[in-house]
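Accompanying notes for the structure given below.
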Amino acid sequence: HTSGFGVHISSFVPTMLALRRLIFVCGALHLCSLVKAQKTPLKIVLVGDSLSAGNADRNDDGEVDYEPPYGCYRSRTCWGQRYADTLRDEFEVSVINRACSGARLIHIADEPQLLASFLAGPNACDNANLLPKHPQVFYEQISPLSCGRYIQTQYDITDPSVDLVMGGLGGNDGLFSDAILACFFPPTRSATQCKEALENSIEAIETVMGPRLLDVIRIIREKMTLAGEAEPRGKLVMVDYPFVALDSDFELSDRDTTINPSLETRIAQAKAAELFQEVVDEINSETETDFVFFFNKTKEIFAGHEVDPTLRKNPDAWIEEAVLPRYEESFHPNGIGHTMLAAALAEEGTFGVSGGAALGAKKSPTAEVVAWVGES
Numbered sequence: 028h029t030s031g032f033g034v035h036i037s038s039f040v041p042t043m044l045a046l047r048r049l050i051f052v053c054g055a056l057h058l059c060s061l062v063k064a065q066k067t068p069l070k071i072v073l074v075g076d077s078l079s080a081g082n083a084d085r086n087d088d089g090e091v092d093y094e095p096p097y098g099c100y101r102s103r104t105c106w107g108q109r110y111a112d113t114l115r116d117e118f119e120v121s122v123i124n125r126a127c128s129g130a131r132l133i134h135i136a137d138e139p140q141l142l143a144s145f146l147a148g149p150n151a152c153d154n155a156n157l158l159p160k161h162p163q164v165f166y167e168q169i170s171p172l173s174c175g176r177y178i179q180t181q182y183d184i185t186d187p188s189v190d191l192v193m194g195g196l197g198g199n200d201g202l203f204s205d206a207i208l209a210c211f212f213p214p215t216r217s218a219t220q221c222k223e224a225l226e227n228s229i230e231a232i233e234t235v236m237g238p239r240l241l242d243v244i245r246i247i248r249e250k251m252t253l254a255g256e257a258e259p260r261g262k263l264v265m266v267d268y269p270f271v272a273l274d275s276d277f278e279l280s281d282r283d284t285t286i287n288p289s290l291e292t293r294i295a296q297a298k299a300a301e302l303f304q305e306v307v308d309e310i311n312s313e314t315e316t317d318f319v320f321f322f323n324k325t326k327e328i329f330a331g332h333e334v335d336p337t338l339r340k341n342p343d344a345w346i347e348e349a350v351l352p353r354y355e356e357s358f359h360p361n362g363i364g365h366t367m368l369a370a371a372l373a374e375e376g377t378f379g380v381s382g383g384a385a386l387g388a389k390k391s392p393t394a395e396v397v398a399w400v401g402e403s
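Residue numbering for the sequence shown follows this note's numbering, starting at 28 and increasing by one per position.
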């Protein structure tokens, strides 16, 4: 038989069948190769204070690269972003930075953080909320004549789809910012104020920081746990803080007081690190698998690269020295510091998570697709 185009059907049919098989095999092989090449998603959320946000960080060109909102100092190249970059060959990585400079533990899970306030009339906040603004920012009346600019709590973004929550937690609850300004910042430092600030810091560490940190971690753990499951599939990585100043014999003196600011701040920071470890141990004892990984190598990594307490420039510093007028960047890791911290974190891999928390299942989706291709 022939078709209307003069082709013999008897010879055409086997040829078409063979061609169809070839197309199917090639198509299936191509699809299989694409499926096998598909990367597992890995979702990272950065929370916490300035250490996580990226104050004083610089990109590879030595330039500031902060993302909105203004006042949080979220760097697009902070250690969290750089750590994520080391995983991109293996995973489809996404990073959300919700950390904010000045944040305390209460701002992670309980209350919005006040970024700024200004004098304003009764309706100023309402009018400000009508203007274009960052989606996490809102305005609220503080008093009849003042308006506050706030940012939402950080933990809102954490849920069972997150593989890793990472950040420095609790530094501002330990009042370290006050201590650093009193002990090292040229316009404000004095021996008496340094001593008082460090006494307040030690008291805060011993009485306030521990209970608050336990509460926040438990809230994050609950937010990351899938309904019906006993514990989350993701993890929290708590990153310890570097020492601020070099180990030095330098003493700060005034009429009534003499103090070694480096030694005393190191004692306070070491005490906080001990508390962090105690909190992590308690949290991990509550579940079958360890939910929190405490990265406690930061001080070791930064050893010799801290600020010189004499205020002479340390040529090997990985921490920004006193910066005016951008005082918010003072005494925070610089671009090199962020790079080195990220490299050290990368040595830990993914801290035991396999990725794919967003898929809601442990089994690999690629296996399901390959099976589907084979069955069809």
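Using N, Cα and C, we set each Cβ at its ideal position, and we do this for glycine too. On a predicted model such as this, the values are computed, not experimentally measured, just so you know.
Name the two residues that bound the continuous alpha helix (DSSP H) containing residue i.
i	result
C152	A151 to L157
P288	P288 to N311
F203	F203 to C210
G107	W106 to D112
T325	T325 to I328
S77	S77 to A80
H365	G362 to A373
What's the gap between the Cα of residue i and the Cα of residue j?
i	j	result
I178	D283	42 angstroms
A370	W106	8 angstroms
L225	K66	48 angstroms
L386	V189	10 angstroms
S228	A209	12 angstroms
Q296	G148	43 angstroms
N124	D281	42 angstroms
I310	R245	8 angstroms
E258	V264	16 angstroms
K324	A155	44 angstroms
I286	N150	50 angstroms
R115	R131	31 angstroms
Y354	E256	46 angstroms
A384	R260	6 angstroms
S289	E333	10 angstroms
T393	V307	Only weak support exists for where T393 lies, its pLDDT of 35 falling under 50; the value from the coordinates is given anyway. Looking at the two C-alpha atoms, the distance is approximately 35 angstroms.
Q220	S173	30 angstroms
F303	L240	8 angstroms
S381	T234	37 angstroms
F118	F165	35 angstroms
How far does the beta strand (DSSP E) with residue i in it reach, from first residue to last?
i	result
V264	K262 to V266
I169	V164 to S170
Q140	Q140 to L146
N124	F118 to N124
P68	T67 to L73
C174	S173 to I178
L241	Element bounds for L241: not the beta strand (DSSP E) but the alpha helix (DSSP H), G237 to M251.
G194	L191 to G194
F270	From DSSP, F270 is part of no beta strand (DSSP E); its letter is neither H nor E.
V91	Careful: V91 lies outside any beta strand (DSSP E) and carries neither H nor E.
Who are the near neighbours of residue i in its chain, counting only those whose CB is closer than 6 angstroms to its CB and skipping five residues on each side?
i	result
I363	W345
S77	S128 and H359
H161	P95 and P96
A126	L73, V74, G75, S79, A80 and G194
G198	D76 and Y268
E278	T285 and N287
Would you grab the beta carbon distance between residue i and residue j for me? Rounded to a whole angstrom, and I think it's under 8 angstroms.
i	j	result
P96	Q181	Actually they are not in contact, since the Cβ atoms of P96 and Q181 sit about 13 angstroms apart, beyond 8 angstroms.
P342	F211	Not a contact, Cβ separation roughly 18 angstroms.
M236	D200	5 angstroms
Might you give, ordered along the chain, the residues of its own chain that have their beta carbon closer than 7 angstroms to the beta carbon of residue i, omitting 5 neighbours on each side?
i	result
G347	Here residue 347 is Glu; the residue named in the question, Gly, does not match the sequence. A83, E356, S357, F358, H359 and N361, listed in sequence order.
R109	H365, T366 and A369
F318	R248, E258, P259, K262, L263, I310 and N311
Go through its chain and collect everything with a Cβ distance to residue i's Cβ below 8 angstroms, but skip five positions before and after it.
i	result
T185	V72, V74, V192, I247, K250 and M251
A136	T180, Q181, Y182, D242, V243, I246 and I247
T215	L208 and A209
Tell me whether the region 198–210 and the region 99–119 touch, counting them as touching only if at least three CB pairs, one residue from each stretch, are closer than 8 angstroms. No, because fewer than three Cβ pairs between the region 198–210 and the region 99–119 fall closer than 8 angstroms, the two stretches do not touch.
contact_flag[the region 72–82, the region 357–367] where n(CB pairs < 8 angstroms) is 3 or more: In this structure the region 72–82 touches the region 357–367; the number of beta carbon pairs closer than 8 angstroms is three or more.
Please determine if the region 166–184 and the region 252–271 are in contact, where contact requires at least 3 C-beta pairs separated by less than 8 angstroms. Counting Cβ pairs under 8 angstroms, fewer than three are found: no touch.
Does the region 136–143 touch the region 190–197, meaning 3 or more C-beta pairs lie closer than 8 angstroms? No contact exists between the region 190–197 and the region 136–143.
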